[in-house]
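Student: Protein chains in written order, with the numbering used here: chain E, 1 to 252; chain W, 1001 to 1252. Just dropping this structure here.
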DNA sequence: ACGCGGGCTATTGTCTACAGCAGTCAGTAG
DNA sequence: CTACTGACTGCTGTAGACAATAGCCCGCGT
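As structure tokens, then:
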């Protein structure tokens, strides 16, 4: 396989040794996800197939299958006979994504609590530990990844695979949102944030539903949502109302 | 639905004239969905690509893309290097599907209420009318389709596209469940069922959340769930507990 | 008789090539 | 100078062929 120029993304992955080499589709899908949530491709950008085949060193059929997957995940949108674009986001989309996320987490924890000793809990603890390590190292991207894993493993406590999968898709879309504002966010205190997560986990282990819900409510997003309505179109009534309400509860 | 030999399914569709001809991928995906929820393919059955290309009269690339879509919808499961099978269902899967459905509907109506006059309400009314017509005609399959459309349009009242899409996927999986027991169900009184739906809609229009929730709770599924644990593996604790609880509330 | 290895077949994974539509830009007429 | 029409370019949609792997059956050896 000698695509010297372009084999970067996929080629690198296959070089890293997989016991069961994943299909080119999976690798292309993963590479695309990283490009999108990493900000290399911005919402609204065209995704040209031939261009990516050269970049990945693969042919079009597997790439097209990967695009179909990404579409069902909500990261791209395919316009018949016109091509593929990275999903453009409106304020209403942000409203949808964050309301659903909230409901998913709430539902998952309602189903999970009370939670006995379980390997699922180990996964959450591992995520917290990784967050702590990343915070100590000051590695913010790494911290973000483990933070997502924390919340995902929290949802997984429910033992509800479909819910977990839905939440995973939603996380991708959240990362798409966040790719739009690659600014600030350094003012966040990672150590403090780790503390919030750790406290949340303790409440989960204690089985205190009300406290968990309360902690979740004040758990975040406000720094991200700072002035977001200036940067996005699609100001639905419900979206604006939601935004105001979120900011209101933040103050309280 | 008999796929006589050649280009039956897809060919027929393309012959019927589409203003904007959908891609073969879309048509193949739709044909596959019908085959699966129609019971032509049962959970666990292998889905052989070449076989279907001959049946549909298309080539493998679009079919493979369609399979990727169906996998993200949860109707099939792709095992790397081994092929594709129709998603096998356990009792735990049924538990997941029905709990999520309940939560989706509840969330959607919570977001939608109170609902002012809107074209979205027209859609619900149209669904009820279609149900009534099908009930009068005694056309049970048609009735079932419009019943699904009723619930989907109810969810759509929320104006939450992602929620609507998630609910649509879930409906497909519910139909997959129902494809497993193609028995009885005739004892249902369609007229009475129409009445239940109509009453639910009235409560929605009245904006009475508590009453809506109460009506939803006693809205169904028990005939379907009759003795389902005998026919399925995967008896998780939570699934059994859920089943018992559902049957408990039914009695009440 | 039973376990094991080698070849075979069926099926999936991938690539190259061709057909057809969409948007664009130049050229021309008014 | 503007509006319309035509070909052109690039892209997507689809087909068919090639490569590689997994399961299976048969024959062989113990």
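C-beta: ideal position from N, C-alpha, C; glycine also. Given the structure is predicted, the values throughout are model-derived calculations rather than measurements.
Are there 16 or more other CB atoms within 10 angstroms of the CB of residue 128/E, so buried, or fewer, so exposed?
Tutor: It is buried - the Cβ of residue 128/E has at least 16 other Cβ atoms within 10 Å.
Student: Tell me the rounded alpha-carbon separation between residue 86/E and residue 76/E.
Tutor: Approximately 4 Å between the Cα atoms of the pair.
Student: For residue 50/E and residue 28/E, what's the separation of their Cα atoms in angstroms?
Tutor: The alpha-carbon atoms of residue 50/E and residue 28/E are separated by roughly 13 Å.
Student: In chain order, what residues of the same chain have a beta carbon less than 6 Å from the beta carbon of residue 18/E, not counting five sequence neighbours either side?
Tutor: At residue 18/E the pLDDT is 40, less than 50, meaning the model places this residue with poor confidence; the figure from the coordinates comes in the next sentence. Same-chain partners within the cutoff: there are none.
Student: Which value, in whole angstroms, describes the spacing of the CA atoms of residue 1048/W and residue 105/E?
Tutor: Cα-Cα distance, rounded: 38 Å.
Student: Could you work out which residues of chain W lie near residue 160/E, taking near to mean beta carbons separated by less than 8 Å?
Tutor: By Cβ distance, chain W contributes 1096, 1099, 1100.
Student: For residue 84/E, list the residues DSSP reports as bridge partners.
Tutor: Residue 84/E is bridged to 47/E, 78/E.
Student: Could you tell me the distance, in whole angstroms, from the CA atom of residue 1165/W to the CA atom of residue 238/E?
Tutor: Whole-angstrom Cα-Cα distance: 19 Å.
Student: Whose Cβ in chain E lies nearer than 9 Å to the Cβ of residue 1107/W?
Tutor: Simply 99, 100, 103, 107.
Student: For the region 143–153 of chain E and the region 119–134 of chain E, state whether three or more C-beta atom pairs, one from each stretch, are separated by less than 8 Å.
Tutor: Touching, yes, given that three or more Cβ pairs across the two stretches are closer than 8 Å.
Student: Identify, in the order they occur along the chain, each residue of the same chain with its Cβ nearer than 8 Å to the Cβ of residue 216/E, setting aside the five sequence neighbours on each side.
Tutor: Only 102, 105, 106, 109, 200 meet the Cβ criterion.
Student: Output yes or no for whether 8 Å exceeds the beta carbon distance between residue 1094/W and residue 1240/W.
Tutor: Not in contact: residue 1094/W and residue 1240/W (Cβ atoms no closer than 8 Å).
Student: Just curious, the alpha helix (DSSP H) that residue 229/E is in, first and last residue?
Tutor: Taken as a continuous stretch (DSSP letters only), residue 229/E belongs to no alpha helix (DSSP H), as it is neither H nor E.
Student: If the cut-off is 8 Å on Cβ atoms, which residues from the region 56–68 of chain E count as contacting chain W, listed in chain order?
Tutor: Hits within the stretch, in order: 61, 64, 65, 68.
Student: Compare the C-beta of residue 1119/W with all C-beta atoms of chain E and state if any pair is closer than 8 Å.
Tutor: Residue 1119/W does not count as touching chain E.
Student: Please state whether DSSP places residue 115/E in a helix, a strand or coil.
Tutor: Coil, per DSSP.
Student: With 16 as the cutoff for other CB atoms within 10 Å, does residue 1043/W come out buried or exposed?
Tutor: By the 10 Å Cβ count, residue 1043/W comes out buried.
Student: In the structure shown, what three-state DSSP assignment does residue 1101/W receive?
Tutor: Residue state, collapsed to three classes: helix.
Student: Would you grab the beta carbon distance between residue 83/E and residue 46/E for me? Rounded to a whole angstrom, and I think it's under 8 Å.
Tutor: Confirmed, about 6 Å.
Student: Kindly say whether residue 1152/W, judged by its beta-carbon, lies nearer than 8 Å to any beta-carbon of chain E.
Tutor: Taking Cβ atoms only, chain E never reaches closer than 8 Å to residue 1152/W, which makes this a no.
Student: First and last residue of the alpha helix (DSSP H) that includes residue 1026/W?
Tutor: Here the alpha helix (DSSP H) through residue 1026/W covers 1024–1037.
Student: Keeping to the same chain, check which residues put their C-beta closer than 6 Å to that of residue 1173/W; ignore five residues upstream and five downstream.
Tutor: Same-chain partners within the cutoff: 1074, 1097.
Student: Taking only three categories from DSSP, how would you classify residue 11/E?
Tutor: Residue confidence is low: residue 11/E scores 40 on pLDDT, short of 50, so the model does not pin down where it sits. Its coordinate-derived value is still stated next. Helix at residue 11/E.
Student: Is it buried or exposed for residue 214/E, if we count other Cβ within 10 angstroms and need 16 for buried?
Tutor: Residue 214/E comes out exposed.
Student: With a threshold of 16 other CB atoms inside 10 Å of the CB of residue 1158/W, please say whether the residue is buried or exposed.
Tutor: Residue 1158/W comes out buried.
Student: Which residue from 1113/W, 1234/W, 1235/W, 1226/W puts its Cα closest to that of residue 1246/W?
Tutor: It is 1226/W.
Student: I'd like to know if residue 241/E contacts chain W, where contact means its C-beta is closer than 8 Å to some C-beta of that chain.
Tutor: No, no contact with chain W.
Student: Taking the C-alpha atoms as reference points, what is the distance between residue 1138/W and residue 1154/W?
Tutor: Cα to Cα, residue 1138/W sits roughly 24 Å from residue 1154/W.
Student: Exposed or buried, residue 57/E, counting other C-beta atoms within 10 Å across all chains shown (16 or more means buried)?
Tutor: Per the 10 Å Cβ criterion, buried.
Student: Could you name the residues of the same chain whose beta carbon sits closer than 7 Å to that of residue 178/E, not counting the 5 residues immediately before and after it, in chain order?
Tutor: The answer, listed in chain order, is 224.
Student: Please report the distance separating the alpha-carbon of residue 26/E from that of residue 1182/W.
Tutor: Cα to Cα, residue 26/E sits roughly 36 Å from residue 1182/W.
Student: Could one say the Cβ of residue 1246/W lies closer than 8 Å to chain E's Cβ atoms, at least one of them?
Tutor: It does not: the Cβ of residue 1246/W has no partner Cβ on chain E nearer than 8 Å.
Student: Look up residue 1207/W in the DSSP assignment and say whether it is helix, strand or coil.
Tutor: Three-state result, residue 1207/W: coil.
Student: Can you pull the chain E residues whose beta carbon is under 7 Å from the beta carbon of residue 1238/W, in chain order?
Tutor: Neighbours of residue 1238/W on chain E, chain order: 159.
Student: Would you report the Cα separation of residue 1091/W and residue 90/E, rounded to the nearest angstrom?
Tutor: In a straight line, the C-alpha of residue 1091/W is about 39 Å away from that of residue 90/E.
Student: Inspect the beta-carbon positions of residue 1065/W and residue 81/E and report whether they are closer than 8 Å.
Tutor: Cβ atoms of residue 1065/W and residue 81/E: not closer than 8 Å.
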